[in-house]
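Shown next, in structure tokens, is the structure this report addresses.
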Amino acid sequence: MTRRRLRRRALLADAYGVTTAIWTVAALTAVTGLIVAVRMSTCATPPPPS
4 MTRRRLRRRA
14 LLADAYGVTT
24 AIWTVAALTA
34 VTGLIVAVRM
44 STCATPPPPS
């Protein structure tokens with residue numbers, strides 16, 4: 004990767020620190036996982052028998 008692309012990816016870490024950047028990525032991952040879990044559970048329920 005070029006230096007410019009690497010620099011752009013490190014903006015959060017540069018501004019707030021590496022620990023904050025890692026926790027931010029972890030929180031985003033958890034939130035998206037919860038969204039997927041909720042959406043899958045609503046789609047996975049079988050229709051009621053007629």
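Going by this note's numbering, the first residue of the sequence shown is number 4, and it counts up by one from there.
We put the beta carbon where it would ideally sit given N, CA and C, even for glycine.
Quantities reported herein were computed from a predicted structural model and do not represent experimental measurements.
Proximity below 8 angstroms, CB of residue i to CB of residue j
| i | j | result |
| --- | --- | --- |
| A16 | A29 | no |
Alpha-carbon to alpha-carbon, residue j and residue i
| i | j | result |
| --- | --- | --- |
| L31 | V21 | 15 angstroms |
| V41 | P52 | 23 angstroms |
| A13 | T27 | 13 angstroms |
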